[in-house]
Amino acid sequence: MLKTEVCMLGDPELKKVKHNDIIQLQRRGFFRVECAYEPLNIVSGIITPVILYSIPDGHTKETPTAGQPKKTTNASESVSTNFLILI
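Residue numbering for the sequence shown is 9 to 95, as defined by my numbering.
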């Protein structure tokens, strides 16, 4: 399994997306919302960020990124999962 994790800042309108919405990020592609934003929880003191999974578009070329993403691999599975965590 290939996992690419990119932490980034997003538009304030991303606070309004809901679970399973499909959105397009400019110059990045289409993404499905896995986890919607939740504000600071008073009990746990944790802010839940927006987590997005990339929807494959059929391109074989890598999309240019601003920074180097962290990559981890697991040889037992060959499924590719790309997602963004927006804080």
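Idealized CB from N, CA, C, for every residue including glycine. From a predicted model like this one, the values you see are computed outputs, not experimental measurements.
Per DSSP, which residues does residue i bridge with? Please list them.
i	result
V25	Paired residue(s): none; V25 is not in a bridge.
L33	G37
Distance, Cα to Cα, residue i vs residue j?
i	j	result
E21	T56	15 angstroms
E13	N28	19 angstroms
E46	I54	9 angstroms
K11	H67	18 angstroms
V51	L60	25 angstroms
Closest to residue i by C-alpha separation, out of the options, would be which residue?
i	options	result
G18	Q34, L10 and I30	Q34
K26	V58, K11 and I50	V58
K23	C15, C43, Y61 and I50	C43
Given residue i, which residues of its chain have a CB within under 8 angstroms of its CB, disregarding the five upstream and five downstream residues?
i	result
D65	G37 and F38
I30	F38, F39, R40, V41 and I63
Q32	F38 and F39
Which residues in the same chain have their Cβ closer than 7 angstroms to the Cβ of residue i, if we skip the five residues on either side of it in sequence?
i	result
L48	I55
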